[in-house]
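Each protein sequence line maps, in turn, to chains A and B.
In this text, residue positions in the first sequence follow this note's numbering: the first is 1, and each later residue adds one.
In this text, residue positions in the second sequence follow this note's numbering: the first is 1, and each later residue adds one.
Built from N, CA and C at the ideal position, the CB exists for glycine as well.
Note that the structure is a prediction, hence the values are computed from the model and not measured.
Heads up, the thing below is written out as structure tokens.
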Amino acid sequence: MEKSIEHIWKHGFDVENKLIVPKLNDLYNRKSKHIVAKFKRMFIFNTWFLIIFSVLFLIYSFFNGFLFGGILIFVLFNSLVLINRNLFKTLNKLDTNVSSFEYITSFDSWLKVQVAMNKKMAHFYYPLLFVCFMMGLWFSDGGQEVINEVLGEPHQIYLVNGVPVYWVLGMSIIAGLFAIFGGAIYKLDLYLMYGHIFRKLEELMKDINELKN
Amino acid sequence: MSNDFYTLKILPYAGIIIKICRAYTDSQEDFEDYYQEVCLQIWRSREQFRGDSKWSTWIYRLSLNICLTFIKKKQKNKQHVNADNKMIADTIDNYAFSDESLNLLYDAIKKLSEIDRAVILLYLEEKSQKEIAEIIGTSPNNIGVRVNRIKERLKKLLDGKIN
């Protein structure tokens, strides 16, 4: 006669000697390393994304009479990549042979330095990115056509000594706004990408801290 | 997590956690990860327990939720699982129960959907329909029907394998 599943379950666990409780060892060490590893993976992925995007954009700009903007954006993105790669090298120097608390604290400190530095740079590179893009448009074939259409007869009044003052003024105001809010935009950008890792890091630090006390 | 909390509030219910975690994992390594995560989450959520239900019910609910969340994450990262197949094969011997019928039953349970696994585990743990419904977050009315359907499916899966 076949045994019922209820019998198999009950009898199985009655005689089972393998209900061994796993040891709760090294949990926080593993979690700390896991968070840092995840951050590293995302960081490398985003770096490559910037490189690939800038190369593709350069190729696109070449074939679409937009080369000036393509070169500017390529240079800007790759400068950012270079700076951040140098910062990233210091992350690999963090000592892993310390307690989870020390390890995660040193990672947190590294992160704060990295974020502070990028936040400062953001006040420059967001407006620069905007200016690069607009200048690229300005000097592109299509852009020139639009400009001739807008600033040609009978719109010459917008030109002062041949300079499209209102155009430049508008661009300057927007670039200025990017310069003012660059840091905030960077933080928003950062949290959209790495927010879940930061939340986990915060949670983990709180846990370890609570344990320490 | 403090030792006192673990010893007094989790360890007496470790059997529950082990049974649930084993239904959602295929290797000793995964099982230990799930077990540790469940313990950690129980500790983190300890202040949310208001005593509306039994502590054991609370543990069932948390364990199932965590396992279901983990398994979803794992499905997302399925490509990594293939790479780990060798490791799973290496550890599977240590992972099996000594009771062969129990192994077969677990294998059959793992073939069910995630929610059906939760329902049958709670049923086998002799939880009432009301408690199962409360833990799963569904109406008690359809639990009985669902349990019968799952049992039928398990019988088919085990057909001829257990005497």
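{"Query": "Taking Leu158 (chain B) and Leu112 (chain B) to be in contact with their CB atoms under 8 Å, please state how far apart those CB atoms are, rounded to whole angstroms.", "Result": "With a Cβ gap of about 12 Å, Leu158 (chain B) and Leu112 (chain B) do not count as contacting."}
{"Query": "7 Å is my cut-off, CB to CB: does Asp116 (chain B) come that close to chain A?", "Result": "no"}
{"Query": "By the criterion of Cβ-Cβ separation under 8 Å, what are the contact partners of Gly12 (chain A) in chain B?", "Result": "Phe97, Asp99, Ser101, Leu102 and Leu105"}
{"Query": "Mapping the DSSP letters down to three states, classify Pro12 (chain B) as helix, strand or coil.", "Result": "helix"}
{"Query": "If we count Cβ pairs, one from each stretch, closer than 8 Å, do we get three or more for the segment 111-119 of chain A versus the segment 49-64 of chain A?", "Result": "no"}
{"Query": "Give me the Cα-Cα distance between Gly176 (chain A) and Asp26 (chain B), rounded to the nearest whole angstrom.", "Result": "57 Å"}
{"Query": "Given a limit of 9 Å on CB to CB distance, which residues of the segment 51-71 of chain B reach chain A?", "Result": "none"}
{"Query": "When the cut-off is 7 Å and only beta carbons count, does Asn148 (chain B) lie next to chain A?", "Result": "no"}
{"Query": "Where does Val98 (chain A) fall in DSSP's three states?", "Result": "coil"}
{"Query": "Just verifying my parser: in three-state terms, what is the DSSP assignment at Pro140 (chain B)?", "Result": "coil"}
{"Query": "Could you give the distance in angstroms between the alpha-carbon of Val55 (chain A) and the alpha-carbon of Met135 (chain A)?", "Result": "18 Å"}
{"Query": "Pull up the distance between the alpha-carbon of Val146 (chain A) and that of Val163 (chain A), whole angstroms please.", "Result": "16 Å"}
{"Query": "Would you kindly check if the distance between the Cβ of Ala23 (chain B) and the Cβ of Arg153 (chain B) is under 7 Å?", "Result": "no"}
{"Query": "Could you spell out the range, first to last residue, of the alpha helix (DSSP H) harbouring Asp116 (chain B)?", "Result": "Glu114 to Leu124"}
{"Query": "To the nearest angstrom, how far is it from the Cα of Val113 (chain A) to the Cα of Ser106 (chain A)?", "Result": "11 Å"}
{"Query": "Counting beta carbon pairs with one atom in the segment 179-198 of chain A and one in the segment 84-95 of chain A, are three or more of them shorter than 8 Å?", "Result": "no"}
{"Query": "Cβ atoms of Ile59 (chain B) and Trp6 (chain B): under 7 Å apart, would you say?", "Result": "The question names Trp, but residue 6 (chain B) in the sequence shown is Tyr. Contact flag unset, no."}
{"Query": "With a Cβ-Cβ cutoff of 7 Å, do Lys187 (chain A) and Ile35 (chain A) count as a contact?", "Result": "no"}
{"Query": "Consult DSSP for Phe45 (chain A) and reduce its assignment to one of helix, strand or coil.", "Result": "helix"}
{"Query": "Cα separation between Glu125 (chain B) and Ser56 (chain B)?", "Result": "11 Å"}
{"Query": "Can you list, in chain order, the residues of the segment 196-207 of chain A whose Cβ is nearer than 9 Å to any Cβ on chain B?", "Result": "Glu203 and Asp207"}
{"Query": "Should the segment 60-74 of chain B be regarded as contacting the segment 95-102 of chain B, the criterion being three or more beta carbon pairs within less than 8 Å?", "Result": "no"}
{"Query": "Using a Cβ-Cβ distance under 7 Å, would Leu157 (chain B) count as near chain A?", "Result": "no"}
{"Query": "Between B:Glu32, B:Lys9 and B:Cys39, which has its C-alpha nearest Lys54 (chain B)'s C-alpha?", "Result": "B:Lys9"}
{"Query": "Less than 8 Å between the CB atoms is what I'm expecting for Met205 (chain A) and Asp108 (chain A), so what's the real figure, rounded?", "Result": "6 Å"}
{"Query": "When DSSP labels each residue in this structure, what does Thr25 (chain B) get in the three-state scheme?", "Result": "coil"}
{"Query": "With Ser101 (chain B) as the anchor, note down where its alpha helix (DSSP H) starts and where it stops.", "Result": "Glu100 to Lys110"}
{"Query": "Does any CB atom of chain A fall closer than 7 Å to the CB of Leu185 (chain B)?", "Result": "Lying before the first or after the last residue shown, residue 185 (chain B) is absent from chain B, which here runs from 1 to 163."}
{"Query": "Within the 7 Å Cβ cut-off, does Leu154 (chain B) reach chain A?", "Result": "yes"}
{"Query": "Which word fits Phe31 (chain B), buried or exposed, when buried means at least 16 other C-beta atoms lie within 10 angstroms of its C-beta?", "Result": "buried"}
{"Query": "Can you list the alpha helix (DSSP H) stretches of 4 or more residues lying completely in the segment 112-151 of chain A, in chain order?", "Result": "141-151"}
{"Query": "For Ile20 (chain B), tell me which candidate among B:Gln36, B:Gln129 and B:Cys67 has the shortest Cα-Cα distance.", "Result": "B:Cys67"}
{"Query": "Is the CB-CB distance between Ala184 (chain A) and Pro127 (chain A) below 7 Å?", "Result": "no"}
{"Query": "In whole angstroms, what is the alpha-carbon distance linking Lys86 (chain B) and Tyr34 (chain B)?", "Result": "Only weak support is given to the placement of Lys86 (chain B): the predicted model assigns it a pLDDT of 42, under 50, and the value that follows is read from those uncertain coordinates. Going by the C-alpha atoms only, they are around 20 Å apart."}
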